[in-house]
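Take a look at the structure below.
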Amino acid sequence: MSFTGIIFDLDGTLLNTIDDLADSCNRQLEKYGFPTHPAEAYRYFVGNGVVKLVERALPDSREAHSILNTFIRDFRADYKEHCFDKTRPYPGILELLERLRRDGMILAVLSNKPDAETKKVVRYFFPKEQFHCAAGHKEEFDVKPDPAGVRAILKKLDLKPEDTAFVGDTWIDMQTAVNSGCFPVGILWGFRDRKELEEAGARRIAATAEELYSILRS
Ligand SMILES: O=C(O)COP(=O)(O)O
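For the sequence shown, the working numbering gives the first residue as -1, with consecutive numbering after it.
Structure follows, in structure tokens:
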């Protein structure tokens, strides 16, 4: 396969965001008097966007349902303040992106994080010219695995799905690739395991950033 463009998932693929997401959400749970969760549990709460994350973290009670929207607002405000505390790029990621950029690849990010938070962390952790486009979830699109977000990026960057790889760490990302006609590449350093990626349609799977480079440039 030779690709012209690569779209990356963000949380669990480029950045290890789990501790800041868990800390922010747990702070709100404490504030509202609900039980908190270990950071490990958030590996399965994260992936389908902020609404699902909060629904999974809150108890299934009338009281919790009634404060859902306020809770989401408070969580987002807190996360915006703390999204750089413990978050870091995974090993080898900065070098991998720089190599791909020097090779002339067109690089983009598509996250289920809200668009404002996505742009904020991408601006903070990566050089300005690294990505041709970085987008999160916007009101006008459904979240991944709906292909609308990918289609908007392909259109904006004048890329064809068959020339584009989609790289991610969850079934949601692999299904997004399948649904949009991009080539699904799974990675193993994120929040989920090989079985989940294979069952969701991953065509190749990388265990290290070096291996990912070989897959993307083979
Ligand atoms: O915020 C989420 O649910 C996940 O974000 P991601 O799409 O970058 O993994």
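Ideal Cβ placement from N, Cα and C applies to all residues, glycine included.
Next item on the list: Can you grab the Cα-Cα spacing for the pair H135 / S216, in whole Å?
Entry: Residue mapping note: residue 135 aligns to position 137 of the sequence shown, counting from 1. Residue mapping note: residue 216 aligns to position 218 of the sequence shown, counting from 1. Between H135 and S216, the C-alpha separation is close to 31 Å.
Next item on the list: Enumerate, from N- to C-terminal direction, the unbroken beta strand (DSSP E) stretches of 3 or more residues contained entirely within the stretch 78 to 132.
Entry: 104 to 112
Notebook entry, point to check: Counting along the chain, where does the beta strand (DSSP E) carrying F181 start and finish?
Noted result: Residue 181 sits at position 183 when you count from the first residue of the sequence shown. Start and end: 181 to 185.
Notebook entry, point to check: Are there three or more Cβ pairs, one per stretch, closer than 8 Å when the stretch 1 to 12 is compared with the stretch 167 to 178?
Noted result: yes
Margin query: Is T85 close to chain B? Criterion is C-beta to C-beta, closer than 9 Å.
Written below: The structure shown contains no chain B; it holds only a single protein chain.
Note to self: Nearest by alpha-carbon distance to G188: which of V176, A204, F181, P182 is it?
What the structure shows: Residue 188 sits at position 190 when you count from the first residue of the sequence shown. Nearest C-alpha to G188: A204.
Notebook entry, point to check: Taking all protein chains shown into account, do 16 or more other C-beta atoms lie within 10 angstroms of the C-beta of E115, making it buried, or fewer, making it exposed?
Noted result: Counting from one through the sequence shown, the residue named residue 115 turns up at place 117. The residue in question, E115, is buried, as its Cβ has 16 or more Cβ neighbours within 10 Å.
Margin query: Considering Cα atoms alone, identify which of I185, G199, K154, A55 is closest to Y211.
Written below: For the purposes of this step, residue 211 is taken as the residue at position 213 of the sequence shown. Out of I185, G199, K154, A55, I185 has the C-alpha closest to the C-alpha of Y211.
Next item on the list: Rounded to whole angstroms, what's the CA-CA distance from Y122 to F32? Just pull it up for me.
Entry: Counting from one through the sequence shown, the residue named residue 122 turns up at place 124. Counting from one through the sequence shown, the residue named residue 32 turns up at place 34. Roughly 32 Å between the two C-alpha positions.
Note to self: Helix, strand or coil, according to DSSP, for D9 in the structure here?
What the structure shows: The residue labelled residue 9 in the question sits at position 11 within the sequence shown. Here D9 sits in strand by DSSP.
Next item on the list: From the DSSP output, read off the bridge partner residues of F164.
Entry: The residue given as residue 164 occupies position 166 in the sequence shown. In DSSP, F164 forms a bridge with I5, P182.
Note to self: Using 8 Å for Cβ pairs, my map puts Q173 next to G147. What's the rounded Cβ distance?
What the structure shows: In the sequence shown, counting from the first residue as 1, residue 173 sits at position 175. In the sequence shown, counting from the first residue as 1, residue 147 sits at position 149. Rounded, the Cβ-Cβ distance is 13 Å, inconsistent with contact.
Next item on the list: Evaluate contact between the stretch 18 to 34 and the stretch 72 to 91, counting only Cβ atoms and requiring at least three cross-stretch pairs below 8 Å.
Entry: yes
Margin query: Taking the straight line between their C-alpha atoms, what separation do you get for Y40 and T2?
Written below: Locating residue 40 in the sequence shown gives position 42, where the first residue counts as 1. Locating residue 2 in the sequence shown gives position 4, where the first residue counts as 1. The straight-line gap from Cα to Cα measures roughly 34 Å.
Notebook entry, point to check: Do you know whose CA, among E196, K111, I104, lies nearest K257's CA?
Noted result: Given that the chain is displayed from residue -1 to residue 216, the structure contains no residue 257 and the question cannot be resolved.
Checklist line | Whole-angstrom distance between F124 and E96, CA atom to CA atom | finding: Working through the sequence shown from its first residue, we reach residue 96 at position 98. Working through the sequence shown from its first residue, we reach residue 124 at position 126. One C-alpha to the other measures close to 10 Å.
Check: If we count the other Cβ atoms within 10 Å of its Cβ and call it buried at 16 or more, is F181 buried or exposed?
Finding: In the sequence shown, the residue the question calls residue 181 occupies position 183. By the 10 Å Cβ count, F181 comes out buried.
Item checked: 7 Å Cβ shell around Q128 - same chain, five flanking residues per side excluded -> Within the sequence shown, residue 128 is the residue found at index 130, counting from 1. Counting only Cβ-Cβ distances below 7 Å, and skipping sequence neighbours, we find L95, R99, L105.
Checklist line | beta-carbon S178 near ligand 1 non-hydrogen atom, thresh 8 Å | finding: As a position in the sequence shown, residue 178 is number 180, starting the count at 1. Checking the Cβ of S178 against ligand 1 gives no.
Notebook entry, point to check: Does DSSP put H135 in a helix, in a strand, or in coil?
Noted result: Within the sequence shown, residue 135 is the residue found at index 137, counting from 1. Strand, per DSSP.
Next item on the list: Mark R60 as exposed unless 16 or more other C-beta atoms lie within 10 angstroms of its C-beta, in which case mark it buried.
Entry: Taking the sequence shown and counting its residues from 1, the one referred to as residue 60 is at position 62. Answer is exposed; the Cβ neighbour count stays below 16.
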